[in-house]
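Have a look at the structure below, then the notes.
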Amino acid sequence: MGWTQDQMAARAANELQDGFYVNLGIGIPTLVANFVPADMEVWLQSENGMLGIGPFPTEDEVDADLINAGKQTVTTMAGSSIFGSHDSFAMIRGGKINLSILGAMQVSEKGDLANWMIPGKMVKGMGGAMDLVAGVKRVIILMEHVAKKKDGSFDLKILPKCTLPLTGVGVVNRIITDMAVLDVTPEGLKVVELAPEVTREQLQERTGVTLI
Amino acid sequence: MNKIYPSAAKALEGIVKDGQLMAVGGFGLCGIPEALIDALRDSAVKNLVVISNNAGVDGFGLGKLLETRQIKRMISSYVGENKEFERQYLAGELELEFTPQGTLAEKLRAGGAGIPAFFTKTGVGTLVAEGKELREFDGETYVMERSLVPDVALVKAQRADKSGNLQFRYTARNFNPAAAMAGKITIVEVEEIVETGAMEPDQVHLPGIYVHRIVLNANPEKRIEKRTMREKAAA
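Laid out in C-alpha cells, this is it:
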C-alpha cells in the first residue's frame, strides 16, 4: 500500500521546473536528486555554500573539502559555484531559491512545521531549516505519513497543531507522504492525490485533521 | 609587518584568554582550523564561549575542547554528531544557544561589517524569537538579531600570501570568511603560504585587512564525516 521512498521522491521530482534553484533536505528529500528529468536544468543548492551539486564521487575523486549540507562527499559539475555560508543564506533569505523540499516530524493543518527538536530527548538543532522555510518561496514536506513505532502502533504527524517546538509558522505549501499529496489551503488540508491502493478512509484514519 | 607565525601555539600566544568569545570556522569537519584547535586545547584556556556552526565529533575538531571542558557555552545551529556534547548538555554542564544557520552566518558577517543588529524572518513564531524585538516591514513580521563580534576568530583557508590575502578551497570556505571578518583578532591556518604579489588581485577571496596572524599547516588530517561514493563506471 502506498508509495515507497523512491516513489515518493519521484513524485516530489514532478514539482521541479526547468531553471529551478532547489534546496533538498537530509533524508528522503535527498533522493529527489535521482529523479531530475534528463532534459531539465535544475540547480541543487547546498546551504554550506555551493550551487550545482554534482554526483557522489568515485573513490579517486573523494575530496574532504567538497561536501554537501548532509556532510556527504560530493563533486562539482559544469556550472557549479562556491561561496561562503553568509552568501548562501543571503540567497535563501533573499527569496532566490525556487523550491525547498524538507523532512518533518510534525506538520499542522495551517502549514506550521516542526522538524528540529524533541525537548529533553533529541538535541541536534535546526541547522538551516528555519532560514529555508522563512526565505524560500515554495516549501514542500516529504515524509512518512505517520511515525511508525516498534510495537506496530503509530503516532500521527499531521495534526491540528504541532506539539513539538516549531521550525516555522504557516510556511508549508504542500505535503507529499507515502499515502498522499496534500495542499495547505486557507480552508484546510486538501487531498490532491492518493497513492495507489490507498483509500480516502485509510488516509483520514492516519491524519489528525479533517481532510477536504 | 610580519603576519606569519612559526607554529599554531605561537600564533595564539598573547591573544587567547579565559572567558573569551571565540568564532571558529568550519562546517562539520570541513574547513576547520585543526592545528589552531589543537593549540587552543594545549593552551588550557577555559570558560570559552565558542561560536561555531557545529561542535565537531567525539575526539576531533571542537570535540577535543569539549573533552577537556574548556568550553562553557556553544553558539551553534546543529550539534547532532557529538555524543559528549549531548551528554554535557543534558547533564547541564554545557550551555547551548541554538541559532539558525543563516542567522549565525549573518551575525558574524554583520558583526564584521559594523552592523550591530539586523531583522530577519527566520525564526519568527519559534523558540528562537522568544524575548526578542519583533517589527513589521511591508506587512511581514521580522525578529531583531544582535550581531557577534568575537574577541578571536580561528579560521581555515587553503592559501595565504604573506600580507594575509586568502583563498579558500571548495566548500571548506563555509563560515570561514564571515568568521574572519567578525574577529577582533583573526588567526588563520593555511596549507600554503605564497609571496605577496603571487596571488592575482582578482583571485583573492578575502582581503588581508581581516587577517592578523597566519600559521602554516601543510598537511591537516581532514577527516571525512560521511564518505559517500558512487561506483566507477565499467571501462
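Protein chains in written order, with our numbering: chain U, 9 to 220; chain W, 957 to 1191.
Each residue gets a CB set at the ideal place from its N, CA and C atoms; glycine is no exception.
{"query": "C-alpha gap between U:A21 and U:I183, whole angstroms", "result": "13 Å"}
{"query": "Near-chain W residues of the region 131-149 of chain U (beta-carbon distance less than 9 Å), N- to C-terminal order", "result": "V131, K132, G133, M134, G135, G136, A137, M138, D139, L140, V141, A142, G143"}
{"query": "Where U:F91 falls: helix, strand or coil (DSSP)", "result": "coil"}
{"query": "Residues of the region 56-67 of chain U whose Cβ lies closer than 7 Å to any Cβ of chain W, in chain order", "result": "N56, G57, M58, P63, F64, P65, T66, E67"}
{"query": "W:Y1098 (DSSP reduced to helix, strand or coil)", "result": "strand"}
{"query": "Continuous beta strand (DSSP E) assignments of at least 3 residues falling wholly in the region 1141-1189 of chain W", "result": "1141-1150, 1169-1172"}
{"query": "W:F1016, DSSP secondary structure in three states", "result": "strand"}
{"query": "Per-residue DSSP class, three states only, for U:G196", "result": "strand"}
{"query": "Alpha carbon of W:R1179 to alpha carbon of W:I993, nearest angstrom", "result": "14 Å"}
{"query": "Any chain W beta carbon closer than 8 Å to U:S93", "result": "yes"}
{"query": "Start-to-end residues for the alpha helix (DSSP H) that takes in W:M1137", "result": "1132-1138"}
{"query": "Of the listed residues W:T1184, W:R1091, W:P1133, nearest to U:G94 (C-alpha basis)", "result": "Looking at the sequence itself, residue 94 of chain U is His, so the reference to Gly does not match. Of the listed residues, the one whose Cα sits closest to U:H94 is W:P1133."}
{"query": "Pair within 8 Å by beta-carbon distance, W:R997 and W:T1024", "result": "yes"}
{"query": "U:T215 versus U:D73, U:D186, U:A46, U:G92, residue with shortest Cα-Cα distance", "result": "U:D186"}
{"query": "U:E67 and U:G136 closer than 8 Å at C-beta", "result": "no"}
{"query": "is_contact[W:Y1166, chain U] using C-beta, thresh 8 Å", "result": "no"}
{"query": "Of the residues W:L968, W:N1009, W:R1091, W:E969, the one placed nearest W:F983, counting alpha carbons only", "result": "W:N1009"}
{"query": "Chain W within 8 Å of U:F162, Cβ atoms only", "result": "no"}
{"query": "Straight-line gap, U:A98 to W:Q1114 (C-alpha atoms, nearest Å)", "result": "24 Å"}
{"query": "Completely contained alpha helix (DSSP H) runs for the region 109-145 of chain U, where each covers 4 or more residues", "result": "137-143"}
{"query": "Three-state secondary structure (DSSP) of W:K1063", "result": "helix"}
{"query": "Residues of the region 24-46 of chain U whose Cβ lies closer than 8 Å to any Cβ of chain W, in chain order", "result": "none"}
{"query": "Euclidean distance between Cα positions of U:P63 and W:G975", "result": "44 Å"}
{"query": "Residues in the region 1061-1080 of chain W having any Cβ partner in chain U nearer than 8 Å", "result": "A1061, E1062, L1064, R1065, T1076, K1077, T1078, G1079, V1080"}
{"query": "Per-residue DSSP class, three states only, for W:S1033", "result": "coil"}
{"query": "W:M978 - partner residues in DSSP beta bridges", "result": "W:V1006, W:V1108"}
{"query": "Separation of W:N1038 from W:Y1045, as counted between CA atoms", "result": "11 Å"}
{"query": "Length-filtered (4 minimum) alpha helix (DSSP H) runs lying within the region 12-60 of chain U", "result": "13-21, 36-39"}
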